[in-house]
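Residue numbers (mature numbering (1 follows the signal peptide of the UniProt record, and there is no 0)): -21 to -1, 1 to 147.
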């Protein structure tokens, strides 16, 4: 019995040609070269062909208009201390007289703080463009303020939100 179990091994050693048979291709379904997947590896000094350069356009911020935040309206807001270390200063405004006056009065301070403005209520592109012009030097983004209103427990703007708290 011991010899019968070793017989295939003995045959393979005696006839090495049999044990090293050539590979048989069962199916060649074509396929693609994988070179393009590895093109980014160690390609120092190579410029990508112009056809492979992807150019993206920047969407117009006004394309999301109108923006309405039902939880927020223009009005007085009581200052409140908060502790939010590291938070970038932001401010909330809308397309209304109170926000425009506030922006004019606080513009220099907002620029110094590098604050970003969230325009939470604006109906038209003309109003958006006017606010952009008035905020010259400040970044404005048309966004809903619903989440901020709920999280901070506020119902009015304009407001400056900084790492130290809320102030109007």
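C-beta: ideal position from N, C-alpha, C; glycine also.
Cβ-heavy atom distance, residue i to the ligand MG, below 7 Å
i, result
"residue 46", "Absence of the ligand MG is noted for the structure shown, with no ligands found whatsoever."
Residues bridged to residue i [DSSP beta-bridge criterion]
i, result
"residue 112", "Residue 112 pairs with nothing; no bridge assigned."
"residue 73", "100"
"residue 145", "59 and 140"
"residue 46", "101"
"residue 52", "135"
"residue 95", "69 and 118"
Residue i versus residue j - alpha carbon distance
i, j, result
"residue 139", "residue 69", "6 Å"
"residue 109", "residue 146", "24 Å"
"residue 99", "residue 126", "11 Å"
"residue 143", "residue 72", "19 Å"
"residue 89", "residue 81", "11 Å"
"residue 48", "residue 124", "6 Å"
"residue 42", "residue 51", "22 Å"
"residue 77", "residue 83", "10 Å"
Minimum C-alpha distance to residue i - residue among the options
i, options, result
"residue 87", "122, 102, 39 and 114", "114"
"residue 106", "129, 44, 1 and 124", "44"
"residue 116", "74, 93 and 71", "93"
"residue 180", "74, 128, 104 and 124", "Here the chain has residues from -21 to 147 only, and residue 180 is not among them."
Cβ-Cβ separation, residue j to residue i (assumed contact under 8 Å), whole Å
i, j, result
"residue 119", "residue 111", "6 Å"
Closer than 8 Å is the cut-off here; do at least three beta carbon pairs connect the region 121 to 138 with the region 52 to 65? Contact between the region 121 to 138 and the region 52 to 65 is present: 3 or more CB-CB pairs across the two stretches fall below 8 Å.
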